[in-house]
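Visitor:
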Amino acid sequence: MATVTYQGASRIYPGTEKPAVDKLDLEIQDGEFLVLVGPSGCGKSTSLRMLAGLEDVDEGSILIDDKDVSNLPPKARDIAMVFQNYALYPHMTVYENMAFALKLRKTPKSEIDARVKEAAELLQLEDYLKRKPKALSGGQRQRVAMGRAIVRQPQVFLMDEPLSNLDAKLRVQTRSQIASLQKRLGVTTVYVTHDQVEAMTMGHRVAVMLDGLLQQCDTPRALYETPKNVFVAGFMGSPAMNIKTVPLTAEGAKFGDVTIPLTREQVEAAGVGDAKTVTVGIRPEHCKLGEHGIPIEVELVEELGSDAFVYGHAQLGNENGAERFVVRAGSGLLPQLGETVFVQPEVGKEHVFHAETGDRI
Amino acid sequence: MQTDTRAPEKGTATTGTRKQPKSGGVLNVFSHGFLALWAIMIIVPLAWVVMTAFKSDDEIFTDPLGLPSQWHWENFTRAWEKAGIGDYFLNTVLVVGGGVALTMLLGSMAAYVLARYEFRLNKFFYLMFVAGMMFPVFLALVPLYFIVDNLGLLGTHFGLILVYTAYSLPFTVFFLAAFFKTLPHGVAEAAMIDGAGHYRLFFQVMMPMARSGLVSVAIFNIIGQWNQFLLPQVLMPGEGNNLLADGIASVAVSQRYDPDFSGLMASMVIAMIPAFVAYVIFQRQIQAGLTAGAIK
Numbered sequence: 001m002a003t004v005t006y007q008g009a010s011r012i013y014p015g016t017e018k019p020a021v022d023k024l025d026l027e028i029q030d031g032e033f034l035v036l037v038g039p040s041g042c043g044k045s046t047s048l049r050m051l052a053g054l055e056d057v058d059e060g061s062i063l064i065d066d067k068d069v070s071n072l073p074p075k076a077r078d079i080a081m082v083f084q085n086y087a088l089y090p091h092m093t094v095y096e097n098m099a100f101a102l103k104l105r106k107t108p109k110s111e112i113d114a115r116v117k118e119a120a121e122l123l124q125l126e127d128y129l130k131r132k133p134k135a136l137s138g139g140q141r142q143r144v145a146m147g148r149a150i151v152r153q154p155q156v157f158l159m160d161e162p163l164s165n166l167d168a169k170l171r172v173q174t175r176s177q178i179a180s181l182q183k184r185l186g187v188t189t190v191y192v193t194h195d196q197v198e199a200m201t202m203g204h205r206v207a208v209m210l211d212g213l214l215q216q217c218d219t220p221r222a223l224y225e226t227p228k229n230v231f232v233a234g235f236m237g238s239p240a241m242n243i244k245t246v247p248l249t250a251e252g253a254k255f256g257d258v259t260i261p262l263t264r265e266q267v268e269a270a271g272v273g274d275a276k277t278v279t280v281g282i283r284p285e286h287c288k289l290g291e292h293g294i295p296i297e298v299e300l301v302e303e304l305g306s307d308a309f310v311y312g313h314a315q316l317g318n319e320n321g322a323e324r325f326v327v328r329a330g331s332g333l334l335p336q337l338g339e340t341v342f343v344q345p346e347v348g349k350e351h352v353f354h355a356e357t358g359d360r361i
Numbered sequence: 001m002q003t004d005t006r007a008p009e010k011g012t013a014t015t016g017t018r019k020q021p022k023s024g025g026v027l028n029v030f031s032h033g034f035l036a037l038w039a040i041m042i043i044v045p046l047a048w049v050v051m052t053a054f055k056s057d058d059e060i061f062t063d064p065l066g067l068p069s070q071w072h073w074e075n076f077t078r079a080w081e082k083a084g085i086g087d088y089f090l091n092t093v094l095v096v097g098g099g100v101a102l103t104m105l106l107g108s109m110a111a112y113v114l115a116r117y118e119f120r121l122n123k124f125f126y127l128m129f130v131a132g133m134m135f136p137v138f139l140a141l142v143p144l145y146f147i148v149d150n151l152g153l154l155g156t157h158f159g160l161i162l163v164y165t166a167y168s169l170p171f172t173v174f175f176l177a178a179f180f181k182t183l184p185h186g187v188a189e190a191a192m193i194d195g196a197g198h199y200r201l202f203f204q205v206m207m208p209m210a211r212s213g214l215v216s217v218a219i220f221n222i223i224g225q226w227n228q229f230l231l232p233q234v235l236m237p238g239e240g241n242n243l244l245a246d247g248i249a250s251v252a253v254s255q256r257y258d259p260d261f262s263g264l265m266a267s268m269v270i271a272m273i274p275a276f277v278a279y280v281i282f283q284r285q286i287q288a289g290l291t292a293g294a295i296k
């Protein structure tokens, strides 16, 4: 059990100028499940590998339980890691794979045996202990990789996209298993993924990264309800939020003939720096189809059973011409392709950002 | 009309599908024919040597191509004891055993470091090893003689082991470095997180993973060092401590005064057996090692 603290930690790969991770400040509580999420190349894996000791910390430091580990080798950090491709030892059986770390630490044989058996029971691997990894399915290998981390009883679990090699159904199933396992063991966990659904469903808190910079770190609900900037707003939620930059008036944001009212403070903040436009985000699920509102020409209807999503183009009266717009429709009567429907955004559910800085207003 | 036009279409379609395996078959026949020819070229002289080893000296000249009328096993005991092949054999086992063991240990360690660690001059050292493969051993013979002599190791097994090792290292490092590069990095990282230091990582994780590559190179080295002739000829002067190849050569030289052709052939059969056995046992690994890089 431990806390993890990144203090202005940076990683600059040799031969590059732009840091892969740029002055990351992050505090992870004892027993917390923190998810690092972002598009590929955003520095999330590098951040994790810095914590693991597989990448150098070029600036700043990383603390585990108030102890600076920035210059310690991986084995001195008391961490366990689950890799994307599992990285099992191919020449060892499942049992030996799980026991390897304990053997290196000269743990008594009886204790190794007890711990491995316990982990195997927890992960339903008892029948496979004598098999080699190549004789296991993808899901079983994934569980062995988890087991190898669990038997260590480390201070921190690190997981680098451990589900991305599983098929969709197994991924959803394993997702909940990992989350409940973490809750049960209460070990501080840092989990990297590019999948925002995984991030939302698993993490106590989610840290969103882009281009090596931490954008926002908060609970999943807070990220969803009050994204700090345009990137976070667009990244979290599926389908993605409709984010449009439209003309700013004294009353609000003009979506063609429809004006979304903004408060006076919002209008003032949006106008800082002589901005004539404002960026407004509207989630597909915070819209209604009605008699009047923003007109949209329907291009695609995605029927999911419980829900349906209507994709179309809207004329918003800015220089971009027709812009794509997604709306969630109830399961009732759905519009036809080519039809024009009218969208009414729910009042108070819109997200307003400064058109140039992209920051939330 | 319609049926008329359809029928030939069908006909051409079936002949077309029949033709395809046939054209592959032609290629197969050709390549297999070539392989068969090659096999005959290798096997016939070998078989002749083995058969001749069982004949009496008279029979070799009266019926050179026939099967031996009587199996003269005593040719082998005579070669082993009188011609000194037994001593040569043990000398060779000692030197090749030591040479291959040392080559594999040093070669795999050097290859691993060159393949997996980044440091200054990494490329330089690697290229030095590779350049060693191009260097003809004949050019090195004279200086090598003086170096070994200066070290006081001339005519000793240990001296020859060192020379064999140096001689085999370039190819070993070249081959194994390429092999170690193909091994997944994740596994090494997992071992480091699990608490393995550099030595343990190498000996307990990376070396077992590279097993097929190691076995292949070991076989190449065993056969290569077993067949050495020139190096022991130069570096093992004097009587009695000859190795097999030059030992047999000296047996052949003495033929002019005291012919014992059946004994000579028996000596050659004895010399061939270990390499042959190594091939048979490790056939699978040799193939696995040669194709390992291609599959991953």
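Respectively, the protein sequence lines represent chains A and B.
The UniProt record's numbering puts the first residue of the first sequence at 1, with every later residue one more than the last.
The UniProt record's numbering puts the first residue of the second sequence at 1, with every later residue one more than the last.
By construction, the Cβ of each residue, glycine as well, lies at the ideal position given by its N, Cα and C atoms.
Going by beta carbon distance, what residues of the same chain come within less than 6 Å of E339/A, once the five residues before and after it are set aside?
Guide: By one-based count along the first sequence, residue 339/A stands at place 339. For E339/A, where only same-chain residues beyond five positions count, the Cβ hits under 6 Å are V298.
Visitor: If we cut at 8 Å on Cβ distances, does T185/A have a partner in chain B?
Guide: In the first sequence, counting from the first residue as 1, residue 185/A sits at position 185. Reading the sequence as shown, one finds Leu at residue 185/A and not Thr. So no, L185/A is outside the interface.
Visitor: Should P345/A and I282/A be called a contact, given that it needs their Cβ atoms to be closer than 8 Å?
Guide: Mapped onto the first sequence, residue 345/A falls at position 345. Mapped onto the first sequence, residue 282/A falls at position 282. Yes, they are a contact pair.
Visitor: Classify Y128/A as helix, strand or coil using the three-state DSSP reduction.
Guide: Taking the first sequence and counting its residues from 1, one reaches residue 128/A at position 128. Helix.
Visitor: Buried or exposed, going by whether 16 or more other CB atoms sit within 10 Å of the CB of T188/A?
Guide: Within the first sequence, numbered from 1, the residue matching residue 188/A stands at position 188. Burial is judged here by how many other beta carbons sit within 10 angstroms of a residue's own beta carbon; T188/A has at least 16 and is buried.
Visitor: When you compare the CB of M206/B with every CB in chain A, is at least one pair closer than 8 Å?
Guide: Within the second sequence, the letter at position 206 stands for residue 206/B. No, M206/B lies away from the interface with chain A (no Cβ there is under 8 Å from its Cβ).
Visitor: What would DSSP say about H91/A, mapped onto helix, strand or coil?
Guide: As a working note, residue 91/A is residue 91 in the first sequence. Three-state result, H91/A: coil.
Visitor: Using the C-alpha atoms, what's the distance from Q215/A back to A191/B?
Guide: Position 191 of the second sequence, counting from 1, holds the residue named residue 191/B. Position 215 of the first sequence, counting from 1, holds the residue named residue 215/A. Roughly 33 Å between the two C-alpha positions.
Visitor: Apart from the five residues on each side of it in sequence, which residues of its chain come closer than 8 Å, Cβ to Cβ, to Q204/B?
Guide: In the second sequence, the residue the question calls residue 204/B occupies position 204. Contacts found: A191, A196.
Visitor: Does A135/A come within less than 8 Å of chain B when only Cβ atoms are used?
Guide: Looking up residue 135/A in the first sequence gives position 135. Chain B contact via Cβ: absent.
Visitor: Can you tell which of F158/B, L231/B, I281/B, D246/B has its C-alpha closest to the C-alpha of V142/B?
Guide: Position 142 of the second sequence, counting from 1, holds the residue named residue 142/B. When F158/B, L231/B, I281/B, D246/B are compared, the shortest CA-CA separation from V142/B is found for L231/B.
Visitor: Counting only beta-carbon atoms, is E17/A nearer than 8 Å to chain B?
Guide: Numbered from its first residue, the first sequence carries residue 17/A at position 17. Chain B, which has no Cβ nearer than 8 Å to the Cβ of E17/A, makes this no.
Visitor: Specify the secondary structure class of L289/A as computed by DSSP and reduced to three states.
Guide: Along the first sequence, read from residue 1 onward, the residue named residue 289/A stands at position 289. Reduced to three states, the DSSP call for L289/A is strand.
Visitor: Please report the distance separating the alpha-carbon of S10/A from that of N71/A.
Guide: Within the first sequence, residue 10/A is the residue found at index 10, counting from 1. Within the first sequence, residue 71/A is the residue found at index 71, counting from 1. Their backbone Cα atoms lie some 13 Å apart in a straight line.
Visitor: Any idea if T263/A is buried or exposed, counting beta-carbon neighbours within 10 angstroms, 16 or more meaning buried?
Guide: In the first sequence, the residue the question calls residue 263/A occupies position 263. With fewer than 16 other Cβ atoms within 10 Å, it is exposed.
Visitor: Hey, could you find the ends of the beta strand (DSSP E) I243/A is sitting in?
Guide: In the first sequence, the residue the question calls residue 243/A occupies position 243. Where I243/A is concerned, the enclosing beta strand (DSSP E) stretches over 242-247.
Visitor: Check whether the Cβ of H91/A lies closer than 8 Å to any Cβ atom in chain C.
Guide: This model lacks chain C altogether, as its protein chains are A and B.
Visitor: At what residues does the alpha helix (DSSP H) containing L210/A begin and finish?
Guide: In the first sequence, counting from the first residue as 1, residue 210/A sits at position 210. Note, L210/A: premise wrong, no alpha helix (DSSP H); beta strand (DSSP E) at 205-210.
Visitor: In angstroms with no decimal places, state the Cα-to-Cα distance between V215/B and V173/B.
Guide: Along the second sequence, read from residue 1 onward, the residue named residue 215/B stands at position 215. Along the second sequence, read from residue 1 onward, the residue named residue 173/B stands at position 173. Roughly 14 Å separates the two Cα atoms.
Visitor: Is there contact here, the stretch 31-41 of chain A with the stretch 200-211 of chain A, by at least three beta-carbon pairs under 8 Å?
Guide: Touching, yes, given that three or more Cβ pairs across the two stretches are closer than 8 Å.
Visitor: Could you list the residues in the stretch 191-224 of chain B with a C-beta less than 9 Å from some C-beta on chain A, going in chain order?
Guide: A191, M192, I193, D194, G195, A196, G197, R200, Q204, V205, P208, M209, R211
Visitor: Since M81/A is in the beta strand (DSSP E), which residue starts that stretch and which ends it?
Guide: Taking the first residue of the first sequence as 1, we reach residue 81/A at position 81. 79-82 is the span of the beta strand (DSSP E), which, as asked, contains M81/A.
Visitor: Given a threshold of 16 other Cβ atoms within 10 Å of its Cβ, counted over all protein chains shown, does V246/A qualify as buried or as exposed?
Guide: The residue given as residue 246/A occupies position 246 in the first sequence. It counts as buried.
Visitor: Give a yes or no on contact between the stretch 238-251 of chain B and the stretch 83-94 of chain B, applying the rule of three or more CB pairs nearer than 8 Å.
Guide: Contact holds: three or more Cβ-Cβ distances are below 8 Å.
Visitor: Near P237/B, what residues of its chain come up, given a Cβ to Cβ distance below 8 Å and the 5 sequence neighbours on each side ignored?
Guide: Counting from one through the second sequence, the residue named residue 237/B turns up at place 237. Cβ within range, chain order: L154, G155.
Visitor: Just curious, the alpha helix (DSSP H) that E339/A is in, first and last residue?
Guide: One-based indexing of the first sequence puts residue 339/A at position 339. From DSSP, E339/A is part of no alpha helix (DSSP H); its letter is neither H nor E.
Visitor: Is the Cβ-Cβ distance between I79/A and I193/B less than 8 Å?
Guide: Start at 1 with the first residue of the first sequence, and residue 79/A comes out as number 79. Start at 1 with the first residue of the second sequence, and residue 193/B comes out as number 193. Contact flag set, yes.
Visitor: How about A110/B: is its Cβ closer than 7 Å to a heavy atom in the ligand SAM?
Guide: No copy of the ligand SAM appears in this structure; indeed no ligand is present at all.
Visitor: To the nearest angstrom, report how far apart Q7/A and I64/A are at their CA atoms.
Guide: Along the first sequence, one-based indexing puts residue 7/A at 7. Along the first sequence, one-based indexing puts residue 64/A at 64. Approximately 11 Å, taken between the alpha carbons.
Visitor: What would DSSP say about A9/A, mapped onto helix, strand or coil?
Guide: Sequence index remark: in the first sequence, residue 9/A carries index 9 (1-based). In the structure shown, A9/A sits in a strand (DSSP, three-state: E or B).
Visitor: Report, in whole angstroms, the separation of the C-beta atoms of A250/A and V267/A, which I expect to be a contact under 8 Å.
Guide: In the first sequence, the residue the question calls residue 250/A occupies position 250. In the first sequence, the residue the question calls residue 267/A occupies position 267. Contact flag correct, Cβ pair sits at about 6 Å.
Visitor: Would you decide whether A101/A is buried or exposed? Buried here means 16 or more other CB atoms lie within 10 Å of its CB.
Guide: On the first sequence, residue 101/A is found 101 positions in, with the first residue counted as 1. By the neighbour-count rule (16 or more Cβ atoms within 10 Å), A101/A is buried.
Visitor: Suppose contacts are defined by Cβ-Cβ distances below 8 Å. Is F180/B in contact with A111/B by that definition?
Guide: Here residue 180/B refers to the residue found at position 180 of the second sequence. Here residue 111/B refers to the residue found at position 111 of the second sequence. A contact, by the Cβ cut-off of 8 Å.
Visitor: So the candidates are A207/A, A149/A, V206/A; which of them puts its Cα closest to the Cα of L181/A?
Guide: In the first sequence, counting from the first residue as 1, residue 181/A sits at position 181. Of the listed residues, the one whose Cα sits closest to L181/A is A149/A.
Visitor: Could you please give me the residues that DSSP links to N242/B through a beta bridge?
Guide: For the purposes of this step, residue 242/B is taken as residue 242 along the second sequence, with counting starting at 1. Bridge partners of N242/B: none, in fact.
Visitor: Would you report the Cα separation of L223/A and N242/A, rounded to the nearest angstrom?
Guide: Numbered from 1 along the first sequence, position 223 holds the residue referred to as residue 223/A. Numbered from 1 along the first sequence, position 242 holds the residue referred to as residue 242/A. Looking at the two C-alpha atoms, the distance is approximately 16 Å.
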